[in-house]
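First the structure, in the form of structure tokens, and then the observations on it.
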Amino acid sequence: MSYHCPVCNKVSNKSALDLARHMIGRGDKVHRDWITSKGFKYSELLALQFSSFGGEGFKALAEVLEKEAKVKD
Amino acid sequence: MSDFSVIGKRVHNIDGTEKVTGSGKYTFDVVLPNMLYGKVLRSPHPHAKILKIDTRRAKRLVGVKAVVTGKDTLGHKQGIWRRFPELCDEEILCREKVRYIGDAVAAVAAIDEDTAEEALDLIDVEYEPLPAVFDPMDAIKEGAPQIHEGVELNININRHIEWGDVDEAFEKCDYIREDKFKCSSQAHVCMETHDAVASFGHNGKLEVWTSSQSSYYIQRLYADMLDMSESDIRVHNRHTGGGFGSKFELDSAQFPAAILSQKLCQPVKIVLTREEEFTATKRRTPMYYFLKLGGKKDGTMLAKEVRVITEGGAYTAMGATALYLTGFFSSFPYKYPNYRYDGYRVYTNTAVTSAMRGFGAPQSTFVGESQIDMMADDLGIDPVEIRRKNGMTPNYEVPGQAFIQSCGLHQCLDKIEEHIKKQGKLPPNHGIGVSAYGFMSGGIFNWFNTPYAFSAAVVRINIDGKVDVYSGTCDMGQGSNTTLAMIAAEELGVRLEDVRMFSGDTGICPPDLGAWGSRQTLMGGNAVKRAAAECKQQLLEFAAAKMGANIVYDLDIKDRWVHLVDRPERGVSYFDIVKEAIRGKDGVAIMGRGHYTPHRKGMISPAYSFGVQAAEVEVDPETGRYKLVNVTTAHESGTVINPLGIEGQLEGAIMMAGGYGFCEDQPMDEGKILNPSIADYKLIRSLDMPETDILEIDTYEPEGPFGAKEAGEGLTNPTAGAIGNAVYKAVGVRIYDLPITPEKVLKALKEKEKQQKKAKK
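Residue numbers (numbering that gives the first Met the number 0), protein chains in the order written: chain Y, 0 to 72; chain W, 0 to 760.
Set out below in structure tokens:
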């Protein structure tokens with residue numbers, strides 16, 4: 000199963016979490032806009048990431064991506 | 000006994016005589032007809048809008064030929080990460096805004112340096128100071144002053160590396176610890192400051208002499224900034240008086256010199272002062288490190304999680320790479336089955352941080368090796384043993400990241416253990432600290448977006464048998480020309496004195512990415528070896544015909560003797576064969592081309608060196624002062640090309656890395672560096688140098704030329720960690736922020752005493 004980035008169509012073969020890493024990591028305007036459109040604030044996701052162990056920022060976005068990212072078998 | 004004739008011999012650098020006699024010519028020595036001298040005006044503000052620059056008074060000064068500002072440029076921004084335009088963020092001559100004390104705003108060309116200097120005082124710049132932020136932990140907060148438009152939380156770039164299931168692994172750990180460290184900055188302190196002579200001709204072509212680590216990068220960056228074809232730009236690299244990571248981006252000597260020269264069609268020379276060198280060039284990246292480490296009671300490490308926030312300074316530079324590499328090398332040299340890294344590079348209104356020898360690894364090694372010792376101490380495990388239990392081995396894959404072929408870490412640990420045992424019981428307040436490390440032999444990543452091979456070389460054999468090697472590599476004092484000449488001589492079967500090196504001149508040498516990431520021995524060496532092999536093949540074809548040998552025999556050349564491998568006494572002179580071969584080719588010199596680009600070697604590097612260092616310190620508990628008594632290093636770098644070269648690298652590395660651990664720092668007040676001179680910046684000097692011993696470990700790297708890999712930067716990684724661990728062993732205090740100064744040791748000792756008294760009560 001693979002996950003496709005809803006913005007640039009980058010494919011992740013691993014998980015929604017992996018795709019979340021890509022989207023936050025890329026961090027350009029189009030990716031940020033998509034993240035914002037889902038009710039997140041990009042800076043808050045980043046802050047979650049850098050202020051605690053556990054990758055919480057990624058996990059929060061991954062939950063949404065699990066439902067929304069294009070998935071192909 | 001070695002099969003090599005040249006490799007493995009202790010030789011002085013081929014340019015050593017020129018250097019020690021003072022006859023070697025550096026950019027500093029370049030004088031061209033009609034040459035003018037340039038000076039640069041810099042921002043006194045850490046963050047400000049430029050409202051107006053009035054150059055009229057300066058232009059009127061007798062002897063001034065031109066004054067330029069950002070308005071005279073195309074307004075392009077430079078950056079090494081050319082694949083990501085948003086990370087090319089440095090104008091060099093600022094047009095609208097300055098972002099640190101030292102940002103360049105104008106430049107003057109005059110008939111001499113004094114006049115140029117005087118003219119700087121006559122340039123009127125009207126600024127509107129803006130709120131500034133200096134610490135990344137403040138800059139990353141919501142509401143902090145924004146340094147670059149549209150960059151949220153001032154996060155310049157973030158990097159993430161992960162494998163395994165870190166959260167699940169921590170649940171299985173018997174032992175978990177979390178620690179916080181702070182790594183300081185460090186100046187490169189090259190003996191030759193940044194300098195350039197730029198000469199635009201009336202033909203519209205630019206010629207530049209400059210002290211650099213990558214002529215090709217400088218050529219390409221000039222082309223971007225000036226909107227020129229790179230072939231119309233020739234960059235010469237003469238002797239370079241040190242680089243250490245500071246000299247492969249376009250800088251505020253090179254660019255303003257070119258803009259001034261373009262305006263005047265006259266050569267312009269700019270040499271940065273020592274103060275400018277400290278305040279307006281790049282520096283080592285300070286980092287806040289947050290570490291979580293978990294393992295079993297027996298010392299088996301199961302998971303590591305790392306968060307890093309780095310002080311980026313005003314621009315991206317090579318700091319983005321340092322951010323990535325510090326994350327990768329935080330896992331080194333151990334087999335963590337589960338690993339997670341999150342790194343954030345944060346813009347601040349301070350001098351730009353970038354590459355410096357070790358490229359993020361000295362920081363990760365200091366914090367990682369400190370924490371492993373703490374874990375070993377808590378679990379009652381010997382520090383060497385815990386490293387042995389978890390250390391990398393040959394043919395290990397760092398999951399999804401890298402493939403390690405040769406690895407002599409365990410031999411290094413054995414040697415260091417032996418060394419420590421030999422010392423026996425140490426006197427009071429002495430301690431030996433251990434630190435293990437690894438490093439890459441050149442980077443695989445191509446964020447510069449070069450379309451060329453990473454390394455290329457051309458070898459030419461002349462009628463007299465002498466060999467010319469053309470390589471785009473840059474010798475910045477590390478001895479790469481000697482190493483490459485030895486590789487060419489070995490491959491061709493001639494003597495070292497038969498080889499002449501031409502390097503770092505974009506006009507005559509094929510492109511090469513240059514001297515960074517410890518890449519030249521492996522990458523440049525492979526290119527040279529392949530070019531030499533192509534020449535050798537041509538010679539042997541002629542030799543086989545001339546000698547009339549049975550075709551079942553193989554031919555070879557050793558020490559200028561072309562011979563049958565199985566019957567070495569049957570042969571002919573190399574010089575005779577060369578003459579005949581050239582005659583037989585209608586007078587065309589024998590030429591060979593070679594190139595090297597790593598393929599299918601993971602994401603980081605084609606090969607890695609490893610080592611273990613033991614530092615002994617003697618601490619005075621009354622004052623906190625301590626002395627580095629001895630630093631012994633077991634280092635493996637594959638086949639050693641030049642043992643004398645490695646010893647030089649090691650001694651230099653201990654001086655530099657010891658300084659990082661012991662005394663070097665760049666304190667600031669509101670973004671202003673407070674010690675911008677050799678007098679105030681504390682370096683380890685010759686009298687402070689400890690005894691240094693090197694324990695050689697034999698390995699062979701299949702990817703390297705004759706089995707060689709890096710021996711330059713890796714050696715700077717372990718020392719701060721080894722010092723920290725040694726201080727702890729000596730007096731039982733742990734210092735979490737670099738440098739480990741006597742003041743910090745004394746303060747920690749007092750705190751320890753206070754805690755002990757409290758516990759007794």
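Don't be surprised by glycine CBs; every beta carbon is placed ideally from N, CA and C.
The DSSP-derived three-state label of N153(W) is helix.
Rounded to whole angstroms, the separation of the alpha carbons of Q218(W) and D497(W) is 30 angstroms. When the beta-carbon positions are compared, V29(Y) and V63(Y) stay at least 8 angstroms from each other. Counting only residues of its own chain and dropping the five nearest sequence neighbours on each side, A375(W) has a CB closer than 8 angstroms to the CB of G298, D381, P382, E384 and I385. With 16 or more other CB atoms across the displayed protein chains lying within 10 angstroms of its CB, P675(W) is buried. The beta-bridge partner set that DSSP reports for C182(W) consists of M286(W).
Between the segment 594 to 602 of chain W and the segment 522 to 530 of chain W there are three or more C-beta pairs closer than 8 angstroms, enough to call the two in contact. Along the segment 35 to 47 of chain Y, the positions whose C-beta sits under 8 angstroms from a C-beta of chain W are Y41, S42, L45 and A46, read in chain order. Chain Y places no beta carbon closer than 8 angstroms to that of N549(W), leaving this residue out of the contacts.
In the DSSP annotation of this structure, the continuous segment of the alpha helix (DSSP H) that includes Y323(W) starts and ends at G318 to F328. Of the candidates P620(W), G399(W), F254(W) and E669(W), F254(W) places its Cα closest to the Cα of E90(W). At a cut-off of 8 angstroms, the C-beta of E750(W) has no neighbouring C-beta in chain Y. Beta bridge pairing from DSSP links A47(W) with V97(W) and P128(W).
Shortest Cα-Cα distance from M136(W) to any of V345(W), G312(W) and T352(W) involves V345(W). Contact of D27(Y) with chain W is assigned, a C-beta pair being separated by under 8 angstroms.
Bounds of any beta strand (DSSP E) do not take in Y659(W); it lies within the alpha helix (DSSP H) bounded by P642 to F661. Cβ neighbours of D166(W) within its own chain (closer than 7 angstroms, five residues either side excluded): none.
For F365(W), there is no enclosing beta strand (DSSP E); the enclosing alpha helix (DSSP H) covers residues A360 to L378. Unbroken beta strand (DSSP E) stretches of 3 residues or longer found wholly inside the segment 412 to 497 of chain W: 429 to 439, 454 to 460 and 466 to 470, given in chain order.
Residue-level contact check: L152(W) touches chain Y, since one or more beta carbons of chain Y fall below 8 angstroms from its beta carbon. If you keep only unbroken alpha helix (DSSP H) runs of at least 4 residues inside the segment 169 to 244 of chain W, you get 214 to 225. Not a single C-beta of chain Y is nearer than 8 angstroms to the C-beta of I146(W).
The alpha carbon of G711(W) has as its nearest neighbour, out of V618(W), D664(W), D697(W) and F609(W), the alpha carbon of F609(W). Taking 8 angstroms as the cut-off, the beta carbon of G390(W) is found no closer than this to the beta carbon of A316(W). Sixteen is the threshold: when 16 or more other Cβ atoms of the shown chains lie within 10 Å of the Cβ of H21(Y), as they do, the residue is buried. Pairing A47(W) with V97(W) gives a Cβ-Cβ distance under 8 angstroms. Between the segment 220 to 230 of chain W and the segment 285 to 297 of chain W there are fewer than three inter-stretch CB-CB distances shorter than 8 angstroms, so the stretches are not counted as touching. In this structure, P704(W) lies near G524(W), with their beta-carbon atoms less than 8 angstroms apart. If the five residues before and after Q265(W) are omitted, its C-beta is found closer than 6 angstroms to the C-beta atoms of N33 and L35, all from its own chain and listed in chain order. In this structure, the CA atom of E742(W) is about 8 angstroms from the CA atom of T622(W). Judged by DSSP in its simplified three-state form, A61(Y) adopts helix. For V29(Y), the uninterrupted alpha helix (DSSP H) segment begins and ends at K28 to S36. If you draw a straight line from the Cα of P738(W) to the Cα of Q362(W), it is about 11 angstroms long.
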